[in-house]
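In what follows, a single structure is set out as structure tokens and then discussed.
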Amino acid sequence: MGFCNSCGRPMGRNDYGTNEDESPNMDFCKDCFQNGEFTEPDITINEMIIRHAKRMLKRNPDLREEEATGILCNFLPNLKRWNPNPDDEIDEDEEPVMGYRGNARDMF
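For the sequence shown, the working numbering puts the final residue at 108, and the numbers step up evenly by one.
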């Protein structure tokens, strides 16, 4: 089982998005990617983090909001949608993710 490289959710065979030719896209889930395009092309990573932190809190009532946000701040910036060139230098002019500037792997 893989995970969506946009929202990070786990994906099984029935969860894959679709390419323009309707073939399965194994990088992105059906909620994020359909017919070769992102379903929400203008969503920011910060908006994605907030949305999925809320979902995590509903499913895990013992989880604190700061923990959910922290997990997503560490994970999402490394996914293909948000970091298509992981070996590139950090752009200091780029807006920080939830207050953090830099590659998420530097947070450990």
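Built from N, CA and C at the ideal position, the CB exists for glycine as well.
Below 7 Å between beta carbons: does that hold for residue i and residue j?
i	j	result
M1	G12	yes
R81	S23	no
N85	P77	no
Measure the alpha-carbon distance for residue i versus residue j and round it to whole angstroms.
i	j	result
C29	L57	21 Å
R64	T18	34 Å
I49	E37	20 Å
I71	Y16	23 Å
R51	N60	14 Å
D42	C32	12 Å
A40	E20	Position check: residue 40 holds Glu in this sequence, whereas Ala was assumed. So the two alpha carbons sit approximately 16 Å from each other.
Is residue i helix, strand or coil when you go by DSSP?
i	result
C73	helix
N25	strand
E155	Past the edges of the chain, shown from 1 to 108, lies residue 155, and the structure says nothing about it.
M1	coil
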